[in-house]
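Chemist: The structure under discussion is supplied below as structure tokens; questions concerning it will follow.
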Amino acid sequence: MNEVEQLSAPLAIVVVAAVLVVGVYVSSVVDVVAFRSVAGQRLRPGSAALFPARVAHRLSRQQSVRTERPDMILRVLAPAALLGLAAAAVTVIPLSPGIVVADVGTGIVLFGAAEALAIVAIFFHGWSPNSPFALIAGYRFVAVALSYELLSMFVLIGAAIPAESLSIGAIVESQAGLWNVIRQPLGLPLFLIVSLGVTFSGPLDLLDSNDLAGGGSVEDSGMQRLAWQTARHAMRIAFAACAAAVFLGGWHGPVLPGGLWMALKTFAVIALLGFLDVFVARISAERFVRVAWGVLLPLAFLNLLIAGVGAL
Amino acid sequence: MIDVAFVVFSVAAVASGYGVFRVDSMIRATYLLLASFLNVGAILVLLLAEYLGVALLFMMTVEMIVMGLFMVMFMMNPAGLNPMNMVHQPRFAAAAGVVAAAGVAVVAVFADFPVAPVDAESATTRELGIELLGGSMLVFESIGVTLLATMVCSVILSSATGRFGDGYEGSVAPALEPGGDHRPADDLYDPDAAGGMDMDMDMGDMDHGEMDMGGMDMGGMDMGGMDMGGMDHGEMDMGGMDMGDMDHGGMERDS
Amino acid sequence: MTPVEVFVAAGADRWHDAQALRAHELVRLMPTPRHATVLLVAGTIPGSAREAFDRVHDQLPHPRAVVTWDEIVAGNDVVDAVASEIVGRADRVMADPSTSSPGRLADEEPNDWRGVGPFGQGGEGMMGGTPYGRAMAMTADDRDGLSLDRLELRLGPFLGQLPGGLVADVALQGEVIQSIEFACAGSAPFVTGDRAVPVARRLLWLSHALHVQGLDAFAVGAARLARRSARLDDDPGLARDFASLRRRMRWTGLRSALRSVGDRDGLDTWARWSAHLDAIAASLDGADSRPVSADGSMPITAAELAEMITGLTLTDAVTTIIGFDIDVPAMTTTAVET
Amino acid sequence: MNLMTVLLVAAALIGVGVWGALAQQTFVMLMMGIEMMLNGVILAVAGFWAFAGAGLPKGQVLVILSMAVMAIELAIGFALVTAVYRARQADMTEGIGSLKG
Chain A
8 MNEVEQLSAP LAIVVVAAVL VVGVYVSSVV DVVAFRSVAG QRLRPGSAAL FPARVAHRLS
68 RQQSVRTERP DMILRVLAPA ALLGLAAAAV TVIPLSPGIV VADVGTGIVL FGAAEALAIV
128 AIFFHGWSPN SPFALIAGYR FVAVALSYEL LSMFVLIGAA IPAESLSIGA IVESQAGLWN
188 VIRQPLGLPL FLIVSLGVTF SGPLDLLDSN DLAGGGSVED SGMQRLAWQT ARHAMRIAFA
248 ACAAAVFLGG WHGPVLPGGL WMALKTFAVI ALLGFLDVFV ARISAERFVR VAWGVLLPLA
308 FLNLLIAGVG AL
Chain B
11 MIDVAFVVFS VAAVASGYGV FRVDSMIRAT YLLLASFLNV GAILVLLLAE YLGVALLFMM
71 TVEMIVMGLF MVMFMMNPAG LNPMNMVHQP RFAAAAGVVA AAGVAVVAVF ADFPVAPVDA
131 ESATTRELGI ELLGGSMLVF ESIGVTLLAT MVCSVILSSA TGRFGDGYEG SVAPALEPGG
191 DHRPADDLYD PDAAGGMDMD MDMGDMDHGE MDMGGMDMGG MDMGGMDMGG MDHGEMDMGG
251 MDMGDMDHGG MERDS
Chain C
140 MTPVEVFVAA GADRWHDAQA LRAHELVRLM PTPRHATVLL VAGTIPGSAR EAFDRVHDQL
200 PHPRAVVTWD EIVAGNDVVD AVASEIVGRA DRVMADPSTS SPGRLADEEP NDWRGVGPFG
260 QGGEGMMGGT PYGRAMAMTA DDRDGLSLDR LELRLGPFLG QLPGGLVADV ALQGEVIQSI
320 EFACAGSAPF VTGDRAVPVA RRLLWLSHAL HVQGLDAFAV GAARLARRSA RLDDDPGLAR
380 DFASLRRRMR WTGLRSALRS VGDRDGLDTW ARWSAHLDAI AASLDGADSR PVSADGSMPI
440 TAAELAEMIT GLTLTDAVTT IIGFDIDVPA MTTTAVET
Chain D
540 MNLMTVLLVA AALIGVGVWG ALAQQTFVML MMGIEMMLNG VILAVAGFWA FAGAGLPKGQ
600 VLVILSMAVM AIELAIGFAL VTAVYRARQA DMTEGIGSLK G
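Here it is as structure tokens:
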């Protein structure tokens, strides 16, 4: 493995903040573009680019309603924790050759831990407002999340096998010749399913879904809603960056500098997730759990087998 | 720097651990326990057991998610909105806690342990991996098999249906008196829904069982204790599985 | 401009009409009043729904405004007039938050929380009492034999995912519906399948149903088709555009999401959707607003529907209910007659 | 940070766990007490490994063993809670106390 540059603490904070701010904004714009293009509405570039800022401005002037007897600590903690976990997940992902905010030897396990903790934060969001639909949505989310949590760890460990290291930097390094998306063809699709689940979008929009009147966000307004949407987009960034680094070869690519490749690949995954969010109908939780244990988990085992055989 | 971090994590671990048993809301209790684990995980990382710390973080998070689910499911008052007192023998318990802590603390302060710190340069994660798939492979594999057995046991225990249909049908536990109903009169459960559960006997052992879990009652877990004979004779359901025997098997072996 | 977020509190008579607002670019119908700036009141709110309406009104965060559909004097296009009124009112209230609509109910807890028991639990022993005005959940038998707590809820009449005016009392254990009762006479015809329904109304049903299934962008498309079909002049491109929408819907996984949900007589929700979509396509192809054929499984009474969805999860129940284009006004009038 | 301080923290965690397990009435809270004790055990084992075990990998294996114990305790514990609840609707230790013997 090459020299890895550990960023100094102040620089690291700036880098992570910049990645998240830019990423969240871009991801929100992607949402607008996806929605409008699928809905067949007019799409003016300037208007779409300013859309998230306008929404943020409006929500910041709206009242944040306090529900009756909320669990106030957890209500505040939920978006903050989700945002913080997204930031933590971003720190272990190398952004360009040799530049990673925190070069942790067990980076991929840390990412998995952040993902598991994100489920806790999301449950808090459903639990805290003391509202039946939010609680049902949060509960349902957790029940489903437990069935893809295992999946995600198998998929990530599978990617770590050819690298012979748990560090994401080493995993990127190992893809110099062949990207994991080809080496382990099942890995990326399964990981994208997990991403859709943890960012509760598209077929796995089981948290803030319309069939429960907004589900976990049913009581959110104003800043609370803005914070939650921001945190959700931040989580999408973390997953997109991880998918780009672990499966799409990270900074590897011809001509362009490595950092730019990483950004492009991350953006591609964000765009894919954004369009899937708009384009795919929600699947019932019961059915997904059946599919997750009966089909997806065996596929993850198969993926692990492919990775193991490939490493021999 | 490391010392400061250690103090912070330690205080947080103990304080959130104390909070677990003081808050009203079950969800807060569950996740305070998780916070305690996270802090211990952080201390483990400080101790250079990087993989173990992160794995503890990961594992306990998922475990506490499950625990939170059960909390909300089984507790009558999970949010703690209705104030109630859910403790018993508080003085005895507090005294026992202090005695236990003091016991360990005395050992910590006065015992003379060898000084052999871990080498800061060593690749502990790598060493652990080689050890698990090398010298300690038997231990590692035993853990795996035990966990598998645990999964089977817990599914059978918690499922309402046995191999031959509804667990409440099938074999009926013997009555306490000849000809009498085996269920105590003050029982809450629905007479139609009961029957097969040999709970009278189980419950007696249950308290021990719960306690034994701390000390890992492995004997009770092994397949030999699990009345396989009853299974073959077509009585395998919640009743036929006879948890009573299972625990007795374990107990005899222990004593 | 960002769209104004609107929550619709519609009586049964105007609920379908209000769905047409989804077509409008500057208006977005939200699933919950907490997300809305404007409360749109459409149709007749019966006296029994008055209190529920007041609660919904107070759930909108400040600054908020109320627009009443029936008060708007419109020329030839009432939906446009309503939309521009909504945008105007939203602009005004955002510019001057002091004009925000004041609360209709006192902002207080329904009950004193501290009760009489030794720990303030308000009842005998551990259980009992009404903390915060709500009785504690009591256990009851359930399908898994676990006897978990039972949550009693009243859904409607202004719930975003259900047709306006529909009221149902449900008892939930977890996400599973243990019992459900619709607020109408049990034998009342709930869905009248043989009635000729204008194609615009069917498209509006489709728009709402797509929204509930998480396909908001498609819902916009369906609402736009509904608006075009409502115009009197002949629109030759309509059938083609509907076919194109239907083709794109095939890629959304709707079919697998709806299949084997809400089975009745061998027909599932997907079969009912298909019957609706076929009926729309047939009407657009020139046939005169053909009734949904018998294989669309209609009609169904409220009691039959309740029986169908007992034991389903809340999500599947909502999907099943939405699968029928429920005729709430017909239901309530026949309820009075019987 | 040395062995003594780590063990003192572990002692505090174990003490809290003992107190919680004995004082709490509900099964799930009781299990939390046990988990808390194991938490202290893990910390103590890791402390010994780091300061007195010369970093032998076998020490880490012992920590993994403790984690497995915790997972097993939780799984079997919840299965038992479910079984008891199914039969008795009891979620408190007193609820099944009358059946001893």
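Protein chains in written order, with the working numbering: chain A, 8 to 319; chain B, 11 to 265; chain C, 140 to 477; chain D, 540 to 640. Quick reminder that beta carbons are idealized off the backbone N, C-alpha and C, glycines included. Since this is a predicted model, take the numbers as computed values, not measurements.
1. Which residues, taken in chain order from the stretch 149-160 of chain A, show a beta carbon closer than 9 Å to some beta carbon of chain B?
2. Straight-line CA distance for B/Ala115 to A/Val127?
3. Is B/Gln99 buried or exposed, if buried means 16 or more other CB atoms sit within 10 Å of its CB?
4. Find the residues of chain B that neighbour A/Trp134, judging by a C-beta separation of less than 7 Å, and give them in chain order.
5. Would you say D/Leu552 and B/Gly27 are within 8 Å of each other, going by their C-beta atoms?
6. If we count the other Cβ atoms within 10 Å of its Cβ and call it buried at 16 or more, is A/Pro305 buried or exposed?
7. Let me see if you follow: with CB-CB separation under 8 Å, is B/Leu158 close to chain D or not?
8. Which chain C residues sit within Cβ distance under 7 Å of A/Ala46?
9. Provide the residue span of the beta strand (DSSP E) that contains C/Gln317, from first to last.
10. Using the Cβ count rule (16 or more neighbours within 10 Å means buried), how would you classify B/Leu148?
11. With B/Glu151 as the anchor, note down where its alpha helix (DSSP H) starts and where it stops.
12. Got a sec: which bits of the stretch 297-320 of chain C sit with their beta carbon under 8 Å from any beta carbon on chain A, in order along the chain?
13. State the beta-bridge partners of A/Ala299 as determined by DSSP.
14. When burial is assigned at 16 or more other CB atoms within 10 Å of the CB, is C/Val351 buried or exposed?
15. Note down, in chain order, each residue of its chain lying with its Cβ closer than 8 Å to the Cβ of A/Asp218, except the 5 sequence neighbours on either side.
16. When DSSP labels each residue in this structure, what does A/Lys272 get in the three-state scheme?
17. Is it the case that the Cβ atoms of B/Thr134 and B/Ala59 are separated by a distance below 8 Å?
18. Label B/Val162 either buried or exposed according to how many other C-beta atoms from any shown protein chain fall within 10 Å of its C-beta, with 16 as the threshold for buried.
19. Note down, in chain order, each residue of its chain lying with its Cβ closer than 6 Å to the Cβ of C/His155, except the 5 sequence neighbours on either side.
20. According to DSSP, simplified to helix, strand and coil, what is C/Ala307?
21. With the cut-off set at 8 Å, would you say C/Val195 and C/Ser240 are in Cβ contact?
22. Per DSSP, which one or two residues make a beta bridge with C/Ala149?
23. Which residues mark the beginning and the end of the alpha helix (DSSP H) in which B/Val119 is found?
24. Let me make sure I understand the geometry here. Which of B/Asp34, B/Ile53, B/Val33 and B/Met36 has the alpha-carbon closest to that of B/Val18?
25. Using 8 Å as the limit for Cβ to Cβ distance, is B/Met241 near chain D?
26. Please confirm whether B/Met236 has its beta-carbon closer than 8 Å to some beta-carbon of chain D.
27. Report back the beta-carbon spacing between C/Thr458 and C/Gly376 to the nearest angstrom; my notes put them in contact at under 8 Å.
28. Starting from C/Arg340, trace the alpha helix (DSSP H) both ways and give me its first and last residue.
29. Does DSSP put A/Ser135 in a helix, a strand or coil?
30. Under a three-way DSSP split, which group does D/Ala562 fall into?
31. For the beta strand (DSSP E) that C/Val166 lies in, which residues bound it at each end?
32. How many Å lie between A/Leu280 and A/Lys272 at the Cα?
33. Is the shortest distance between the beta-carbon of A/Ala128 and the beta-carbons of chain C less than 8 Å?
34. Output the distance between the C-alpha atoms of A/Val83 and A/Ser71, rounded to the nearest integer angstrom.
35. Return the bridge partner residues of C/Glu544 from the DSSP annotation.
36. Between A/Ala250, A/Ala125, A/Ser228 and A/Ala152, which has its C-alpha nearest A/Gln182's C-alpha?
Modeler: Let me lay it out:
1. Val149, Ala150, Ala152, Leu153, Glu156, Leu157 and Met160
2. Within the second sequence, numbered from 1, the residue matching residue 115 of chain B stands at position 105. Within the first sequence, numbered from 1, the residue matching residue 127 of chain A stands at position 120. Cα to Cα, B/Ala115 sits roughly 34 Å from A/Val127.
3. The sequence position of residue 99 of chain B within the second sequence is 89, counting from 1. That one is exposed.
4. Along the first sequence, one-based indexing puts residue 134 of chain A at 127. Residues of chain B passing the Cβ test: Ile37.
5. Reading the fourth sequence from its first residue, position 13 is the one you call residue 552 of chain D. Reading the second sequence from its first residue, position 17 is the one you call residue 27 of chain B. In this structure, B/Gly27 lies closer than 8 Å to D/Leu552 by Cβ.
6. What you label residue 305 of chain A is simply residue 298 of the first sequence in a count that begins at 1. Its Cβ having fewer than 16 others within 10 Å, A/Pro305 is exposed.
7. To locate residue 158 of chain B, count along the second sequence from 1; it is residue 148. Judged by the 8 Å Cβ criterion, B/Leu158 is not in contact with chain D.
8. The residue you call residue 46 of chain A lines up with position 39 of the first sequence. Ordered by position in chain C, the residues that pass the 7 Å Cβ test against A/Ala46 are Ala356, Val359 and Gly360.
9. Position 178 of the third sequence holds residue 317 of chain C. Looking at the DSSP string, the run of the beta strand (DSSP E) that includes C/Gln317 is Val315 to Phe321.
10. For the purposes of this step, residue 148 of chain B is identified with residue 138 of the second sequence, where counting begins at 1. With fewer than 16 other Cβ atoms within 10 Å, it is exposed.
11. The sequence position of residue 151 of chain B within the second sequence is 141, counting from 1. Element bounds for B/Glu151: Met147 to Ser168.
12. Leu298, Gly299, Gln300, Leu311, Gly313 and Glu314
13. Locating residue 299 of chain A in the first sequence gives position 292, where the first residue counts as 1. None; A/Ala299 has no bridge partner.
14. Walking along the third sequence from the start, residue 351 of chain C turns up at place 212. Buried, since its Cβ has 16 or more Cβ neighbours within 10 Å.
15. Here residue 218 of chain A corresponds to residue number 211 of the first sequence, with the count starting at 1. Only Arg289 meet the Cβ criterion.
16. In the first sequence, the residue the question calls residue 272 of chain A occupies position 265. Helix, per DSSP.
17. Your numbering for residue 134 of chain B matches position 124 in the second sequence. Your numbering for residue 59 of chain B matches position 49 in the second sequence. Cβ distance < 8 Å, so B/Thr134 and B/Ala59 count as in contact.
18. On the second sequence, position 152 is the one that residue 162 of chain B refers to. Answer is exposed; the Cβ neighbour count stays below 16.
19. Locating residue 155 of chain C in the third sequence gives position 16, where the first residue counts as 1. Contacts found: Arg340 and Leu343.
20. Here residue 307 of chain C refers to the residue found at position 168 of the third sequence. Three-state result, C/Ala307: strand.
21. One-based indexing of the third sequence puts residue 195 of chain C at position 56. One-based indexing of the third sequence puts residue 240 of chain C at position 101. No, they are not a contact pair.
22. On the third sequence, position 10 is the one that residue 149 of chain C refers to. Its beta-bridge partners are C/Ala181.
23. Reading the second sequence from its first residue, position 109 is the one you call residue 119 of chain B. It spans Pro100 to Phe120 - the alpha helix (DSSP H) in which B/Val119 sits, taken as one unbroken run.
24. Position 8 of the second sequence, counted from the start, is the residue given in the question as residue 18 of chain B. Residue B/Ile53 is the option with its Cα nearest to B/Val18.
25. Position 231 of the second sequence holds residue 241 of chain B. With a pLDDT of only 31 at B/Met241, under 50, the local geometry of the prediction cannot be trusted, and no value is derived from it.
26. As a position in the second sequence, residue 236 of chain B is number 226, starting the count at 1. The pLDDT assigned to B/Met236 is 31, lower than 50, so where the model puts this residue is not dependable; a value taken from the coordinates is nonetheless given after this. With 8 Å as the cut-off, B/Met236 does not count as an interface residue toward chain D.
27. Numbered from 1 along the third sequence, position 319 holds the residue referred to as residue 458 of chain C. Numbered from 1 along the third sequence, position 237 holds the residue referred to as residue 376 of chain C. C/Thr458 to C/Gly376, Cβ: 31 Å. No contact.
28. Position 201 of the third sequence, counting from 1, holds the residue named residue 340 of chain C. Run containing C/Arg340: Val338 to Val351, per the alpha helix (DSSP H) assignment.
29. Residue numbering aside, residue 135 of chain A sits at position 128 when the first sequence is read from its first letter. Of the three classes helix, strand and coil, the one that applies to A/Ser135 here is coil, per DSSP.
30. Working through the fourth sequence from its first residue, we reach residue 562 of chain D at position 23. It is helical.
31. Locating residue 166 of chain C in the third sequence gives position 27, where the first residue counts as 1. Note, C/Val166: beta strand (DSSP E), Val166 to Leu168.
32. Residue numbering aside, residue 280 of chain A sits at position 273 when the first sequence is read from its first letter. Residue numbering aside, residue 272 of chain A sits at position 265 when the first sequence is read from its first letter. The alpha-carbon atoms of A/Leu280 and A/Lys272 are separated by roughly 12 Å.
33. As a position in the first sequence, residue 128 of chain A is number 121, starting the count at 1. Closer than 8 Å: no.
34. The residue you call residue 83 of chain A lines up with position 76 of the first sequence. The residue you call residue 71 of chain A lines up with position 64 of the first sequence. Straight-line Cα distance between these residues: approximately 12 Å.
35. Chain C is shown only over 140 to 477; residue 544 of chain C falls outside these bounds and no answer can be derived.
36. Numbered from 1 along the first sequence, position 175 holds the residue referred to as residue 182 of chain A. The shortest C-alpha separation from A/Gln182 is found at A/Ala250.
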